[in-house]
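Heads up: the sequence lines are chains L, C, X, Y, H and E, in that order. In this text, residue positions in the first sequence follow my numbering: the first is 140, and each later residue adds one. In this text, residue positions in the second sequence follow my numbering: the first is 140, and each later residue adds one. In this text, residue positions in the third sequence follow my numbering: the first is 140, and each later residue adds one. In this text, residue positions in the fourth sequence follow my numbering: the first is 140, and each later residue adds one. In this text, residue positions in the fifth sequence follow my numbering: the first is 140, and each later residue adds one. In this text, residue positions in the sixth sequence follow my numbering: the first is 140, and each later residue adds one. For glycine and all other residues, C-beta sits at the position ideal for the given N, C-alpha and C.
Number of protein chains: 6
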Amino acid sequence: MSVLTPLIRQQLESASVATITTTLYKRGLRNQLVQGVQPVGGGGRRRMIGPAFTLRYMPAREDLNGLEVFRDREHPQRKAVETCPAGHVLVMDSRKDARAASAGGILLTRLQQRGVAGVVTDGGFRDAAEIAGLDMPAYHQRPAPPTNLTLHQAIDLNVPVGCGDAPVFPGDIVFGDEDGVVIIPAHLVAECAHEAAEMTVFEDFVLERVQAGQGIFGLYPPTDDATLPAFEQWRKACGR
Amino acid sequence: MSVLTPLIRQQLESASVATITTTLYKRGLRNQLVQGVQPVGGGGRRRMIGPAFTLRYMPAREDLNGLEVFRDREHPQRKAVETCPAGHVLVMDSRKDARAASAGGILLTRLQQRGVAGVVTDGGFRDAAEIAGLDMPAYHQRPAPPTNLTLHQAIDLNVPVGCGDAPVFPGDIVFGDEDGVVIIPAHLVAECAHEAAEMTVFEDFVLERVQAGQGIFGLYPPTDDATLPAFEQWRKACGR
Amino acid sequence: MSVLTPLIRQQLESASVATITTTLYKRGLRNQLVQGVQPVGGGGRRRMIGPAFTLRYMPAREDLNGLEVFRDREHPQRKAVETCPAGHVLVMDSRKDARAASAGGILLTRLQQRGVAGVVTDGGFRDAAEIAGLDMPAYHQRPAPPTNLTLHQAIDLNVPVGCGDAPVFPGDIVFGDEDGVVIIPAHLVAECAHEAAEMTVFEDFVLERVQAGQGIFGLYPPTDDATLPAFEQWRKACGR
Amino acid sequence: MSVLTPLIRQQLESASVATITTTLYKRGLRNQLVQGVQPVGGGGRRRMIGPAFTLRYMPAREDLNGLEVFRDREHPQRKAVETCPAGHVLVMDSRKDARAASAGGILLTRLQQRGVAGVVTDGGFRDAAEIAGLDMPAYHQRPAPPTNLTLHQAIDLNVPVGCGDAPVFPGDIVFGDEDGVVIIPAHLVAECAHEAAEMTVFEDFVLERVQAGQGIFGLYPPTDDATLPAFEQWRKACGR
Amino acid sequence: MSVLTPLIRQQLESASVATITTTLYKRGLRNQLVQGVQPVGGGGRRRMIGPAFTLRYMPAREDLNGLEVFRDREHPQRKAVETCPAGHVLVMDSRKDARAASAGGILLTRLQQRGVAGVVTDGGFRDAAEIAGLDMPAYHQRPAPPTNLTLHQAIDLNVPVGCGDAPVFPGDIVFGDEDGVVIIPAHLVAECAHEAAEMTVFEDFVLERVQAGQGIFGLYPPTDDATLPAFEQWRKACGR
Amino acid sequence: MSVLTPLIRQQLESASVATITTTLYKRGLRNQLVQGVQPVGGGGRRRMIGPAFTLRYMPAREDLNGLEVFRDREHPQRKAVETCPAGHVLVMDSRKDARAASAGGILLTRLQQRGVAGVVTDGGFRDAAEIAGLDMPAYHQRPAPPTNLTLHQAIDLNVPVGCGDAPVFPGDIVFGDEDGVVIIPAHLVAECAHEAAEMTVFEDFVLERVQAGQGIFGLYPPTDDATLPAFEQWRKACGR
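Structural data, given as structure tokens:
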């Protein structure tokens, strides 16, 4: 978890998923957004930041998925809940299928208690109202009440997976806000976080100007000669 | 409506759609969730419980669906609104098509006035904001402003139908909460409601323990010898 | 913008998207609803009314969509933001693809500053939480954080387009409420707005009666001889 | 079956599904095509013409769909096979779900033996290669090997249904060729068949002219003064 | 590969994918069909039978998927082609995405040369016409010309995967015919193949009777007392 | 049409759509395939090569799309048929909607007569069997019998469009084979055609070796020192 220095974390917290996707776009990465997920119960909570710890589901075969499988401490879903490191984000590859749950309220509460930084599935969670009430951020497609055994068999822990059509490698940085969730390759997080934080300062300046009535030509992007000096002055003035 | 005794109703109210799907799963029923529906206007209202009274739509043929059809008191949609028994849930098979409405604010207000317990369509409702303000729960896919005549012709009352890929027989028990809506076959509701209520008591115990820091291994499911005795003691202590 | 007289605007504000779709249905127009869009951040703001000013996107070719394209004041997206007339609604044809943004918070803030009446895309917006906080209404499919360059190339301004499978001609009247957005052909807006306003008065009467316990037969539609006289009396009484 | 006179049948055989959809379009019917179906095993067989006899499927509930249900002579699927009248087309409403079969080779062979004119499902058939070898035309979405019991419960015979989003009433005329299948309302078949046959004669003339090098302006549609007289002369010459 | 005795292989060759799905259905397995795949280039080749050897794809990250990756002999796609055992079927989990290829003509030719029994992907193959000309059966969704690197990164060999929503464990028996592909759990193949072969003999008898004009009631299923004795006599007569 | 020299044309004819997508991939272009289209009536005809001439459809508004619109020689669909230059490929943006036709047999016959090199729509054609019999190649999603007026209004000629999610600029080179259709930006066609032709020679060598039993390691790609010299020798021997 060392790639996530306090500085990087602070930079991400000041930035947004939208801004980060732009920094990735500039590096040729166009598919890092987890498509189709939203905060459980709507927006409004703090950002989700942490290295990915993954759980891979495959389609469930009926004879292998009786309720008794949960008695096995090696069952990958349950093991994921007890072994995902604190500060990490548990990323579930549910093959974009929200017809059955990826997990529910008790397991997510346990994850929160263990200090996990958040959870994202490209399927859905059951007990969505309960999960919406947790402090830990969670993202899914839509509520999915049926037990995961109905359609999903947990099969692998912490292998590279897909989530909402994005590639996710264990240790990649998972970053979520009200817009959704993006996967930042571990080796790029320092430069992307820095760049996104800088972009955010500039965009805050732009927004203030736009709110004051200025047009975007010359301002955004700053093609007018006067724009960048004005920005530097503004930046100094507000100490950012 | 006799299958819905006060006891069963109380058990369902204490339980959840998620828990009920698990009791059905244990009985080999995996497809009883109405896939893809949500409370109109978001969550937050009381649970929906009642026997199913169904309305079947077929694709509309233009020459049979002028606005004048509503003048006919035998028009199945209007008849459904005036004949769905109090305490029942009106279930509309809209072939999962939300491009036109299944019904709107006036009809749902009338259903509420008549004492109907709720309404669910696998299409959408028009006047969604108005419907969200009713006391009667309603579930749909998404708002659908165009009149139902645009795409849906009401054709049958109280026949077996599909709703969100779930089989629905008249008299099945329809149960909805924030997670969605499940169809409980009438002959199973007593045993499923009882079992779900018991599961809920146990899961409340588990949740309390998890919130207190206990791990799920041995606790959920209760494979540790100490778990069930502790649960019984807790149960006695809180009088459930 | 002359078709939108104060009277028409007032009639639309009293009516709803649902009611307008019915007036269009009576004139043989069944596909004027922008399918699949919702208010950014949920409902609750004032209605959106204005003539359409359109922006057409095509699929992005990678070599033509570096970030530097925004430096060009002729870039159609940026030009749309600075030239969409005040009081108009900017309608974006994003080919129903919400995997990348149609626009973001700064551009929508600028549109608001310029007096634009609203924005609708059949794709998605980035910075959705920020946009939800604007006074200007905006409609999309879902949040879409990646920059539009990822998938969308802005190519045309103010040509006829499709939006959510609805045909949109520049100057058509775009009308949005909590249910969604409908496109009213310019030459029909006067008669449809009038008719919808009248329907709304009658439906308000019907709703009051239904809330008072009356059934819909004979009332809605008013096939009982007594209904229309009662309505006229009610109407006079409440001065509408 | 009296609506299908030998003359109408001959007219339909000379025309095409495409032409018939145009005659329906002129009468305001835009949704009569069974969307998404194709001849089993590809094209190449004779046209399918006959009145609709319908079978309605609903989603299967597991406890009601053991293999033993086929022992019941009242099972609607089996009863459909033995009671669909000779000369009729069996139309199956499979809710557009081809994940399990609507029927298979033995049942379709029996239908052929009974003189049934064809079969269409908006799901799929199992034993597709065997069915492709029958003389009786059959249309489906794609091959679907699993038994219908997996997902489909036959529930109603000869009620109005939807098939591929088209409305189908018992007795409507079902017409199929290589392009697909269209549903002609019974009361319109005489005029549509006549009109389509006439259109076909004219289009054969047009095609001959186009193959000879003439352009379509003035010819198709016949806006040149010379076109219709030339057509009449050609028609007389080839005795049609 | 020992589970596939010559007897079992012969039984499967006499049976069909449809029949096997019924034997699995009787054992509670409803999801073993690889949904949405068809023989490359259409039907007409011999059946595909062999134990599964799997290849798992994840979404491609652009910086990890330059063309040079194929120079690495450990690249899982290339390694799969050289290590899938003779007689096995290579099953590719392409997350149902046919926008880019799972493999192409050269690799499939190599697999054929190595004695591999067949290939199935839930995505698509490039060089489809070339692959259709091989003796080795291959199944996919549709042709997919772009190189797999565009969207798919090969990541794992011979782990449990999903293919067309079916669960596939290495060593499961993969069986394909003109209808599609089914996955038979290894421990069930002996009993399912035997049962399917027996069903096929009976269905051949039934088909002969139906072709001779007999109805299905009492015959299929054999509820008439005379049916099974007649079948036994027929069976003896034709020596099966 | 000068970019398509006889050499380039010959190179494309020797290569394949798959190979061209690889040359584009190397140049950073990943979305040039027209997704979801196939040759009308299946494969087997000569390759389609020509510069793009485009037709843009928007959703049809009913009051603007009576059959009489075709009497207007300025109607864009009809004008496209008479003005698409010989040797060009007519590319239709039908918004991926095959519920109604993009065009039919007479218009495609006229295009063939006029020397047009081919036609592609991301919707469907009516009269598919007739079109399959033409010499001119045509590609679509699936047969679509209803007249285009049902859903599509032709609105623009020869503007940049999307087709099957690919960007198409007038003058881009459209290249189709049995696998599908790819759009080659005009300025890249010379280098891509050359490179693809060279790749094809090498892949023919590889295929011959693989058919002779050689493995792909070291051969494809040619990482063994001996491979390229062997290739050069083979190439000389067969005079390519």
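Would you say residue i and residue j are within 8 Å of each other, going by their C-beta atoms?
i, j, result
"Pro276 (chain L)", "Gly263 (chain L)", "no"
"Val300 (chain Y)", "Val258 (chain Y)", "no"
"Ala219 (chain H)", "Thr289 (chain H)", "no"
"Gln216 (chain L)", "Asn297 (chain L)", "no"
"Glu221 (chain L)", "Ile355 (chain C)", "yes"
"Pro284 (chain E)", "Thr160 (chain Y)", "yes"
"Val156 (chain Y)", "Asp318 (chain Y)", "yes"
"Leu168 (chain L)", "Glu201 (chain H)", "yes"
"Asp295 (chain X)", "Asp261 (chain X)", "no"
"Val349 (chain H)", "Thr248 (chain Y)", "yes"
"Ile188 (chain Y)", "Val345 (chain H)", "no"
Taking the C-alpha atoms as reference points, what is the distance between residue i and residue j?
i, j, result
"Gln353 (chain H)", "Pro178 (chain H)", "34 Å"
"Ile147 (chain L)", "Ala329 (chain L)", "6 Å"
"Arg212 (chain Y)", "Tyr278 (chain C)", "38 Å"
"Ala336 (chain Y)", "Leu172 (chain H)", "44 Å"
"Ala267 (chain L)", "Pro190 (chain Y)", "49 Å"
"Pro224 (chain Y)", "Glu334 (chain Y)", "28 Å"
"Asp304 (chain E)", "Arg265 (chain E)", "22 Å"
"Gln292 (chain H)", "Gly226 (chain C)", "55 Å"
"Pro194 (chain L)", "Val230 (chain L)", "As written in the sequence, residue 194 (chain L) is Leu, which differs from the Pro given in the question. Taking the straight line joining both Cα atoms gives about 6 Å."
"Ala271 (chain H)", "Gly180 (chain H)", "5 Å"
"Ala237 (chain H)", "Val176 (chain E)", "12 Å"
"Gly357 (chain H)", "Val255 (chain H)", "44 Å"
"Val340 (chain X)", "Arg379 (chain X)", "7 Å"
"Ala351 (chain Y)", "Pro361 (chain Y)", "17 Å"
"Val320 (chain H)", "Val313 (chain H)", "7 Å"
"Leu151 (chain X)", "Thr158 (chain X)", "10 Å"
"Ala239 (chain Y)", "Tyr164 (chain H)", "11 Å"
"Ser241 (chain Y)", "Leu273 (chain L)", "46 Å"
"Gln372 (chain C)", "Phe209 (chain L)", "24 Å"
"Gln280 (chain H)", "Arg234 (chain X)", "24 Å"
Contact residues within the segment 344-378 of chain E, judged by C-beta distance below 8 Å to chain H
Val345, Leu346, Val349, Gln350, Gly352, Gly354, Ile355, Phe356, Tyr359, Pro360 and Thr362
Using Cβ-Cβ distances below 7 Å, what residues of the segment 207-229 of chain L are close to chain C?
Phe209, Arg210, Arg212, Arg217, Val220 and Glu221
Can you list the alpha helix (DSSP H) stretches of 4 or more residues lying completely in the segment 162-250 of chain E, in chain order?
215-222
To be precise: take each residue of the segment 266-290 of chain C, compare its Cβ to all Cβ atoms of chain X, and keep it if any distance is under 9 Å. Which residues remain?
For the segment 266-290 of chain C, the set of positions with a beta-carbon nearer than 9 Å to some beta-carbon of chain X reads Asp266, Ala267, Ala268, Glu269, Ala271, Arg281, Pro282, Ala283, Pro284, Pro285, Thr286, Leu288, Thr289 and Leu290 in chain order.
At what residue ranges does the segment 337-363 of chain E contain a whole run of the alpha helix (DSSP H), taking only runs of 4 or more?
none
Does the segment 322-340 of chain E touch the segment 292-310 of chain E, meaning 3 or more C-beta pairs lie closer than 8 Å?
yes
Could you please tell me which residues of the segment 178-203 of chain L, in chain order, have their CB closer than 7 Å to any CB of chain H?
Met197, Pro198, Ala199, Arg200, Glu201 and Asp202
Taking Cβ-Cβ distances below 9 Å as the criterion, which residues of the segment 232-247 of chain E are in contact with chain H?
Under the 9 Å Cβ criterion, the segment 232-247 of chain E contributes no residue.
Residues from the segment 162-179 of chain H in contact with chain E, defined by Cβ distance under 9 Å:
none
Please identify, using Cβ separations under 8 Å, the residues of the segment 321-334 of chain Y that lie next to chain E, in order along the chain.
Val321
Going along the chain, which residues of the segment 247-258 of chain E sit with their C-beta nearer than 7 Å to a C-beta in chain Y?
Thr248, Arg249 and Gln252
Residues of the segment 291-305 of chain L whose Cβ lies closer than 8 Å to any Cβ of chain H, in chain order:
Gln292, Ile294, Asp295, Val298, Pro299, Val300, Gly301, Asp304 and Ala305
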